[in-house]
Amino acid sequence: MRKLWLYWWIANIFWAVIFSVGTAFVWLRDIDGAGVTQTPEAKLIAFSLLLIVFIFPVILQVVWLIVNIVIISKNKNNRHHA
Numbered sequence: 001m002r003k004l005w006l007y008w009w010i011a012n013i014f015w016a017v018i019f020s021v022g023t024a025f026v027w028l029r030d031i032d033g034a035g036v037t038q039t040p041e042a043k044l045i046a047f048s049l050l051l052i053v054f055i056f057p058v059i060l061q062v063v064w065l066i067v068n069i070v071i072i073s074k075n076k077n078n079r080h081h082a
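Okay, here's the thing in structure tokens:
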């Protein structure tokens with residue numbers, strides 16, 4: 001059971017680091033790969049796209065959290081009935 005929670009936390013830390021690095025990259029660059037100067041509006045659009053992309057991992061993590069909680073509650077119920 002603890003392994004499931006450990007893996008869940010490791011995955012959350014991984015996604016948080018990736019999101020933080022991506023956010024810093026978007027906000028701190030002055031010129032993008034195409035040589036276009038980044039205005040605050042362009043940075044906001046890029047950040048919005050980054051948020052949209054990270055919605056999928058967030059949904060997966062929430063589902064994984066619910067599964068962990070359900071498994072733990074079933075294991076507690078099984079121990080009380082045994």
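Numbered by UniProt numbering, the letters in the sequence shown go through residues 1 to 82 in order. Glycine residues also receive a C-beta, built at the ideal position from the N, C-alpha and C atoms.
Residue i, DSSP secondary structure in three states
i: residue 23; result: helix
Separation of residue j from residue i, as counted between CA atoms
i: residue 69; j: residue 16; result: 21 Å
i: residue 41; j: residue 58; result: 25 Å
i: residue 61; j: residue 37; result: 35 Å
i: residue 75; j: residue 10; result: 23 Å
Residues that DSSP places opposite residue i in a beta bridge
i: residue 37; result: 31
Outcome for residue i when other beta-carbon atoms lying within 10 angstroms are tallied against a minimum of 16
i: residue 53; result: exposed
i: residue 26; result: buried
Cβ separation of residue i and residue j, assumed to be a contact under 8 Å, to the nearest whole Å
i: residue 47; j: residue 23; result: 7 Å
i: residue 4; j: residue 71; result: 7 Å
Interface flag, residue i vs chain C, CB-CB below 8 Å
i: residue 61; result: Absence of chain C from the displayed structure is noted, only one protein chain being present.
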